[in-house]
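**Q**
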Amino acid sequence: MVNDSYEVLERTFDLLPKNCIKVTVGDFNAQIGKEAPFRPTIGHGSLHNTSNDNGMKLIDFSMAKNLIISSTYFPRKNIHKQTWTSPDGKTKSQIDHVVIDKRYQTCIKNFRTYSCADGDSDHYLVFAKFVLTLSINWRNKKQFNKAVKLDGDK
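The end of the sequence shown is residue 154 by UniProt numbering, with every number in the run present.
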């Protein structure tokens with residue numbers, strides 16, 4: 001079931017044009033750890049120390065597609081990293097993630113969760129602040145004085 005989901009996700013990513021900004025947000029049931037070998041793809045701000053099987057699948061997918069798991073990049077209190085609580089309230093986990101193109105990782109300015117959201121769910125509200133700055137190519141906009149000055153002109 002999980003492998004099928006990643007196959008569909010991979011096919012969808014392959015169909016997207018290269019110039020699209022790819023952002024994926026979802027409940028991956030993936031606990032992402034703080035393993036050093038995966039450091040370019042994951043950050044220091046994960047709730048968990050080691051990744052589970054689903055976490056490894058998400059890391060492998062992210063590495064293959066040149067993505068980062070931006071929900072692990074922001075240092076927060078553990079209460080603001082938790083995205084899920086068990087029905088008995090004893091187990092808390094970070095299993096919902098925001099994944100983005102590595103090229104656009106600086107566009108994610110903030111990530112945290114809110115447990116006070118109204119709703120009948122065991123998941124917390126996930127908040128990610130995304131800021132995209134567009135620039136104009138000024139190189140071709142410069143105007144030059146094309147008038148030719150002759151020797152007799154003053």
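Ideal Cβ positions, reconstructed from N, Cα and C, are used throughout, including at glycine.
Decide if Gly-43 is buried, meaning its Cβ has at least 16 other Cβ atoms within 10 Å, or exposed.
**A** By one-based count along the sequence shown, residue 43 stands at place 43. Gly-43 is buried by the Cβ-count criterion.
**Q** Whole angstroms is fine: what's the gap from Leu-58's alpha carbon to Ile-136's?
**A** Along the sequence shown, one-based indexing puts residue 58 at 58. Along the sequence shown, one-based indexing puts residue 136 at 136. For Leu-58 and Ile-136, the distance between alpha carbons rounds to 35 angstroms.
**Q** Expressed to the nearest angstrom, what Euclidean distance is found between the alpha-carbon atoms of Thr-113 and Asp-14?
**A** Within the sequence shown, residue 113 is the residue found at index 113, counting from 1. Within the sequence shown, residue 14 is the residue found at index 14, counting from 1. Computed Cα separation, rounded: 30 angstroms.
**Q** What are the uninterrupted segments assigned as beta strand (DSSP E) that are 3 or more residues long and contained completely in the segment 63-102, given in chain order?
**A** The segment 63-102 contains these whole beta strand (DSSP E) runs: 67-69 and 96-101.
**Q** Count Cβ pairs between the segment 21-28 and the segment 43-53 that sit closer than 8 angstroms; are there 3 or more?
**A** Touching, no.
**Q** In chain order, what residues of the same chain have a beta carbon less than 7 angstroms from the beta carbon of Arg-104, not counting five sequence neighbours either side?
**A** Position 104 of the sequence shown, counting from 1, holds the residue named residue 104. In the sequence under discussion, the amino acid at residue 104 is Tyr, which differs from the Arg named in the question. Ile-21, listed in sequence order.
**Q** Taking 8 angstroms as the limit between beta carbons, can you name the residues of its chain near Gly-89, skipping five residues before and five after?
**A** For the purposes of this step, residue 89 is taken as the residue at position 89 of the sequence shown. Correct list: empty, nothing qualifies.
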